[in-house]
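**Q**
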Amino acid sequence: MSSFNDLITAYTLYQQETHIRTALDLIRQLHLAGKAEDAIALALKWSGRAKEPIARAQLAYYMSCLGMLAPAEAILQEVLPQVESDDDTYYQVRLELAIVKYCLGKFHEAQQLQRPLHSSRWSEVWSRLASNNRDNSWFLPYRDKVLYDQPVAGKIILITSEGGVGDLLHFFRYVKNLQQEGAAQIYCQVPAAMQSLIANSRLPIVIVDHNFVGMDKCDIITGVFALFTRYQKNPYFPPAAEAYLGLAADYVLPAGIQEKLTGRGGGRRRIGLVWRSETRVRHEPFRSIDLHALAPLLASVDADFFSLQVGTLSDTEKHLLEQYQVVDLAPQLRSFEDSAHVLEQLDLLLTIDSAPAHLAGARQRPVWLMLAQSCDYRWYDCQRFTPWYSSMRLYRQAALGDWGGVVAAISADLSS
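Going by our numbering, the first residue of the sequence shown is number 1254, and it counts up by one from there.
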């Protein structure tokens, strides 16, 4: 998040030295401060002024983050051949162009751009860009092992930690594809908070942590995004027609959580809530919702609400939960396995784009996803339903930063 001082500094410098670099910094600070309209207006103002390819590419990136997809696509397509001589820049511009095309619903054009970036040709670049201090010396001995077009039959495969928990939950659907192709053994780096869930999921993998020392023995190394480009041939296939994560039948939730769940009887609907993310990705601060924005829904919908919002709550959030009698389950959630078993006892999860959304989808639990107008590319240009999860319904903002229409639509659907 941008601090007020950072925004003032960027604005002052822009007034003193008005050029593309100060404009880009001001656009960035406006975006981080949640001032979407001002950021969009400034980006449009400079879209015809920026001339240097790197600056134009950076402007297009900010446009993409602000949901200005058509102008971002035009600039990136223009810039891409101009930066071909610089591998790092070319990689980043090409990937951003793919992201924009996914968001515009141009799946096949996006795949043609993205998929080759997972080949060994580009492994040195992406591993360096993703490494601390750009030191990818740890990876270089394995660069020829990255998964691309080679067969996996009889091979030992390592799925490395890549992206966040939501990405793993989303793309674990492709483990079965590796198995169907005849992979001999599949190792997967899994964060500690997910390990009990995945251990009981019945996925054909061996769980390892981030300090896994067996990379030398693996024939193929991949991340989940490479699995996406290998197996997702179109937006709709392969579908996840049923839950692809299993649960332990004899699992026992913490007594405090179970008491809170059973304490709300009377046959009313039970709805879980997640309204903000603790991670800082490109779509923040717009991905998260101020809990105040959900107040009209909490006040009008006849249901029992349960908070699954992990992390420290502000005093204002605590007051709102108390005011609307929302039961806070989060302090006693120990892991994603706890969360999964809670979802089994809820009628619906109402959430922003975060890991719990993918957990609910992977279990085929009803989930309504509140999406910012500028959101992750995996949601394509779908307006209400997504091919990823048959149990999920999408609610998109009409304008970046304005949750009023989303909350009103959800309230109406819950009250009908």
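Even for Gly, the Cβ is constructed at its ideal location relative to N, Cα and C.
Considering only C-alpha positions, which residue in the set 1296, 1344, 1279 is nearest to residue 1324?
**A** Nearest option by C-alpha distance: 1296.
**Q** Which first and last residues belong to the alpha helix (DSSP H) in which residue 1271 is found?
**A** That residue, residue 1271, is in no alpha helix (DSSP H); it is neither H nor E in DSSP.
**Q** Tell me whether the stretch 1405–1423 and the stretch 1433–1451 touch, counting them as touching only if at least three CB pairs, one residue from each stretch, are closer than 8 Å.
**A** As far as the Cβ criterion goes, the stretch 1405–1423 touches the stretch 1433–1451, which means the pair count is three or higher.
**Q** Could you say if the stretch 1622–1640 and the stretch 1504–1522 meet the contact criterion of at least three C-beta pairs nearer than 8 Å?
**A** Not touching, per the Cβ criterion.
**Q** Quick one: residues in its chain with C-beta nearer than 6 Å to the C-beta of residue 1354, no 5 flanking neighbours on either side, listed in chain order?
**A** Once the five neighbours on either side are set aside, the close Cβ partners of residue 1354 are 1362, 1363.
**Q** Helix, strand or coil for residue 1620? Go by DSSP, reduced to three states.
**A** Note: residue 1620 maps to strand in three-state DSSP.
**Q** Does the stretch 1387–1404 come close enough to the stretch 1572–1585 that 3 or more CB-CB pairs lie under 8 Å?
**A** Contact fails: fewer than three Cβ-Cβ distances are below 8 Å.
**Q** Would a C-beta distance cut-off of 8 Å place residue 1530 and residue 1605 closer than the cut-off?
**A** Yes, the pair counts as a contact, with Cβ atoms nearer than the cut-off.
**Q** Mind checking which residues open and close the alpha helix (DSSP H) that includes residue 1568?
**A** Element bounds for residue 1568: 1568–1576.
**Q** Can you give the Cα-Cα distance for residue 1665 and residue 1555, rounded to whole angstroms?
**A** Taking the straight line joining both Cα atoms gives about 12 Å.
**Q** Output needed for residue 1422: all residues of its chain with C-beta closer than 7 Å, excluding positions within five of it in sequence on either side, in chain order.
**A** The answer, listed in chain order, is 1608, 1611, 1612, 1615.
**Q** Please report the straight-line C-alpha distance between residue 1617 and residue 1648, rounded to a whole angstrom.
**A** Straight-line Cα distance between these residues: approximately 18 Å.
**Q** So, for residue 1476: in the same chain, excluding its five sequence neighbours on each side, which residues have a beta-carbon less than 6 Å away from its beta-carbon?
**A** 1413, 1415.
**Q** Between the stretch 1443–1458 and the stretch 1587–1604, can you find at least three pairs of beta-carbon atoms closer than 8 Å?
**A** Touching, yes.
**Q** Which of helix, strand or coil does DSSP assign to residue 1532?
**A** DSSP places residue 1532 in coil when its eight states are reduced to three.
**Q** Under a three-way DSSP split, which group does residue 1278 fall into?
**A** Three-state DSSP puts residue 1278 in a helix.
**Q** Under 8 Å, with one C-beta from each stretch per pair, do the stretch 1458–1478 and the stretch 1343–1352 reach the 3-pair mark?
**A** Judged by Cβ distances under 8 Å, the stretch 1458–1478 makes no contact with the stretch 1343–1352, as fewer than three pairs qualify.
**Q** Ends of the alpha helix (DSSP H) at residue 1657?
**A** Where residue 1657 is concerned, the enclosing alpha helix (DSSP H) stretches over 1657–1668.
**Q** Does the structure place the stretch 1559–1569 close enough to the stretch 1489–1507 that three or more beta carbon pairs sit under 8 Å?
**A** The stretch 1489–1507 is not in contact with the stretch 1559–1569.
**Q** If you compare alpha carbons, which of 1365, 1375, 1521, 1298 is closest to residue 1341?
**A** The shortest Cα separation from residue 1341 among 1365, 1375, 1521, 1298 belongs to 1375.
**Q** Could you pull out every residue in the same chain whose Cβ sits closer than 8 Å to the Cβ of residue 1598, ignoring the five residues on either side in sequence?
**A** Same-chain partners within the cutoff: 1514, 1523.
**Q** May I have a chain-ordered list of the alpha helix (DSSP H) segments no shorter than 4 residues that lie completely inside the stretch 1460–1542?
**A** The stretch 1460–1542 contains these whole alpha helix (DSSP H) runs: 1477–1484, 1508–1516.
**Q** Residue 1340 lies in the alpha helix (DSSP H); which residues open and close that run?
**A** 1340–1356 is the extent of the alpha helix (DSSP H) around residue 1340.
**Q** Under the three-state reduction of DSSP, which class applies to residue 1591: helix, strand or coil?
**A** Helix.
**Q** Can you pull the DSSP bridge partners for residue 1433?
**A** According to DSSP, which records beta bridges pairwise, residue 1433 is partnered with nothing at all.
**Q** Out of curiosity, what's the CA-to-CA distance linking residue 1286 and residue 1527?
**A** Cα-Cα distance, rounded: 22 Å.
**Q** May I ask you to list the residues that DSSP assigns as paired with residue 1646?
**A** The partner list for residue 1646 (beta bridge, DSSP) reads 1621, 1638.
**Q** Apart from the five residues just before and just after residue 1453, which ones in its own chain have a Cβ nearer than 8 Å to its Cβ?
**A** Same-chain partners within the cutoff: 1499, 1500, 1501, 1504, 1590.
**Q** When the distance is taken between beta carbons, is residue 1356 closer than 8 Å to residue 1630?
**A** Yes. Within cutoff.
**Q** Pull up the CB-CB distance for residue 1660 and residue 1480, whole angstroms please, since I reckon it's below 8 Å.
**A** Not really, about 35 Å apart at Cβ, beyond 8 Å.
**Q** Does residue 1424 come out as helix, strand or coil in the three-state DSSP assignment?
**A** Three-state result, residue 1424: helix.
**Q** Determine, using beta carbons only, whether residue 1471 and residue 1398 come nearer to each other than 8 Å.
**A** Yes, these two residues count as a Cβ contact at 8 Å.
**Q** Cβ of residue 1396 within 8 Å of Cβ of residue 1373?
**A** In contact: residue 1396 and residue 1373 (Cβ atoms closer than 8 Å).
**Q** Can you look up residue 1333 in the DSSP assignment and give me helix, strand or coil?
**A** In this structure, residue 1333 counts as helix in the three-state DSSP scheme.
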